[in-house]
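Asker: Chains as they are written, first to last, in this note's numbering: chain A, 974 to 1141; chain B, 415 to 582.
Glycine included, every Cβ here is placed at the ideal spot set by N, Cα and C.
Sharing a structure below in structure tokens format, with a few things to ask.
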């Protein structure tokens, strides 16, 4: 199919969690430009927000993809919900569009059903981006061990990739 | 999702996007007839989000892929500290020719792929100068020499931008 325009669409995916944030910058045709996770100590929200500000300044994204926490069934901590709201406000100030996806939407987007775990989505992404993410895949989370902070990064990639794939 | 009441003409995008805003007229003028119902996701994104400029370089992306630290890349480049690497990766500084070629040797990618934004900018400037030179009459030259020159200049002017660097 003919490409409409050679210019670039850049998406910043941000996944906030109790540990900090995971981020991923992707361009059209799912090119992974930057990815990682940032852990915050002390005032976590302020540190994470400052990091998001730096990413916005550096990459000038067109869209920020975030997790939807307002839906029924979301068990995100109030601090994390507040951080996401702050990111949305920052995006509005910078005139960047925001798109939010629920966990179920991500699972349904990457797996055949919406019952898959985060690890299943991470496995899919590691196979999709073997050079970038293949060697960063954390071990499967168990009840006795805290979730690896790298999982935030995979969540962020999933948000950005889901936006580019769905085009919503 | 879309309002398709407005006539759909080549080069004109109509309808209301998923953000509830009227989509801005896009800057491409050679667009084919676009039917919203038949848009592929990437086409939809291209038509509904303002395109952003290409990044000057993808050094950070390639370094993260190879799992090298800034200090290690600095060592490979023969630079004393990793702070220069940070400046290159954050687009605050442009490396010299020797460093650019060293980057090519490290990441095994041509310079134009490592610095697509910079390459595109330089290519645009060269094309503009070639157009000026094309319109000059080469009075002092023999016909064969003038023909050869014109052919070389036409090649420069018609060269496709390599900016859509490959995702490998």
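(1) Given that a residue counts as buried once 16 or more other Cβ atoms are within 10 Å of its Cβ, and exposed if not, what is residue 1060(A)?
(2) Could you have a look at residue 983(A) and say whether DSSP puts it in helix, strand or coil?
(3) Taking 8 Å as the CB-CB cut-off, is residue 475(B) touching chain A?
(4) Is residue 479(B) close to chain A? Criterion is C-beta to C-beta, closer than 8 Å.
(5) Spell out a yes or no on whether the stretch 465-478 of chain B and the stretch 526-546 of chain B are touching, meaning 3 or more CB-CB pairs, one atom from each, closer than 8 Å.
(6) Residues of chain B with CB under 9 Å from residue 991(A), in chain order?
(7) For residue 1037(A), which beta-bridge partners are listed by DSSP?
(8) Measure the CB-CB distance between residue 1038(A) and residue 1072(A) and report whether it falls below 8 Å.
(9) Would you list the residues sitting across from residue 1112(A) in a DSSP beta bridge?
(10) What does DSSP give as the partner residues of residue 994(A) in its beta bridges?
(11) Alpha helix (DSSP H) containing residue 1153(A): first to last residue?
(12) Would you mind sorting residue 1016(A) into buried or exposed? The rule is 16 or more other CB atoms within 10 Å of its CB.
(13) Could you please tell me which residues of the stretch 487-519 of chain B, in chain order, have their CB closer than 8 Å to any CB of chain A?
(14) Determine the closest residue to residue 1054(A) out of 1026(A), 1131(A), 987(A), 1130(A), with distance taken between C-alpha atoms.
(15) Can you pull the DSSP bridge partners for residue 1004(A)?
(16) Comparing C-alpha positions only, which one of 530(B), 494(B), 483(B) sits nearest to residue 981(A)?
(17) Measuring alpha carbon to alpha carbon, tell me which residue in 478(B), 506(B), 521(B), 479(B) is nearest residue 490(B).
(18) I'd like to know if residue 1108(A) contacts chain B, where contact means its C-beta is closer than 8 Å to some C-beta of that chain.
(19) With H, G and I counted as helix, E and B as strand and the rest as coil, what does DSSP make of residue 1126(A)?
(20) Name, please, each residue of chain B whose Cβ falls closer than 9 Å to the Cβ of residue 917(A).
(21) Any heavy atom of the ligand FMN closer than 7 Å to the beta-carbon of residue 493(B)?
(22) Can you have a look at residue 1080(A) and say buried or exposed, based on whether 16 or more other CB atoms are within 10 angstroms of its CB?
(23) For the alpha helix (DSSP H) containing residue 549(B), list its first residue and its last residue.
(24) Using 8 Å as the Cβ pair cut-off and three pairs as the minimum, do the stretch 544-551 of chain B and the stretch 477-497 of chain B touch?
(25) Counting C-beta neighbours from all protein chains within 10 Å, is the total for residue 976(A) 16 or more, i.e. buried, or is it exposed?
(26) Any C-beta of chain B sitting closer than 8 Å to the C-beta of residue 1029(A)?
(27) Taking residue 1127(A) as the reference, give the member of 1075(A), 1033(A), 1092(A) with the closest Cα.
(28) Given that a residue counts as buried once 16 or more other Cβ atoms are within 10 Å of its Cβ, and exposed if not, what is residue 1052(A)?
(29) Roughly how far, in whole angstroms, is the beta-carbon of residue 1105(A) from the beta-carbon of residue 479(B), given that I think they are within contact range, below 8 Å?
(30) Out of curiosity, what's the CA-to-CA distance linking residue 524(B) and residue 472(B)?
(31) Please tell me whether residue 1005(A) has its Cβ less than 8 Å away from any Cβ of chain B.
(32) Would you tell me roughly how many angstroms separate the C-alpha atoms of residue 541(B) and residue 1009(A), rounded to the nearest one?
(33) Please confirm whether residue 981(A) has its beta-carbon closer than 8 Å to some beta-carbon of chain B.
Answerer: For this structure:
(1) buried
(2) strand
(3) yes
(4) Taking 8 Å as the CB threshold, residue 479(B) lines the interface with chain A.
(5) yes
(6) Ordered by position in chain B, no residue passes the 9 Å Cβ test against residue 991(A), which lies about 25 Å from the chain.
(7) 985(A), 1071(A)
(8) yes
(9) Partner(s): none; residue 1112(A) has no beta bridge.
(10) 989(A), 1011(A)
(11) In the structure as shown, chain A begins at 974 and stops at 1141. Residue 1153(A) is therefore absent and cannot be evaluated.
(12) exposed
(13) 504, 505
(14) 987(A)
(15) 1000(A)
(16) Checked all of 530(B), 494(B), 483(B); the closest Cα to residue 981(A) is 530(B).
(17) Measuring from the Cα of residue 490(B), the nearest candidate turns out to be 521(B).
(18) By this cut-off, residue 1108(A) is an interface position.
(19) helix
(20) In the structure as shown, chain A begins at 974 and stops at 1141. Residue 917(A) is therefore absent and cannot be evaluated.
(21) As presented, the structure is devoid of all ligands, the ligand FMN included, so that no description of it is given.
(22) Classification of residue 1080(A): buried, given that the 10 Å Cβ count is 16 or more.
(23) Premise fails: residue 549(B) is in no alpha helix (DSSP H) and is neither H nor E.
(24) no
(25) With a pLDDT of 40 at residue 976(A), under the threshold of 50, the predicted position of this residue should be treated as unreliable, though the coordinate-derived value follows. Exposed, because fewer than 16 other Cβ atoms sit within 10 Å of the Cβ of residue 976(A).
(26) no
(27) 1092(A)
(28) exposed
(29) 6 Å
(30) 12 Å
(31) yes
(32) 38 Å
(33) Chain B, which has a Cβ nearer than 8 Å to the Cβ of residue 981(A), makes this yes.
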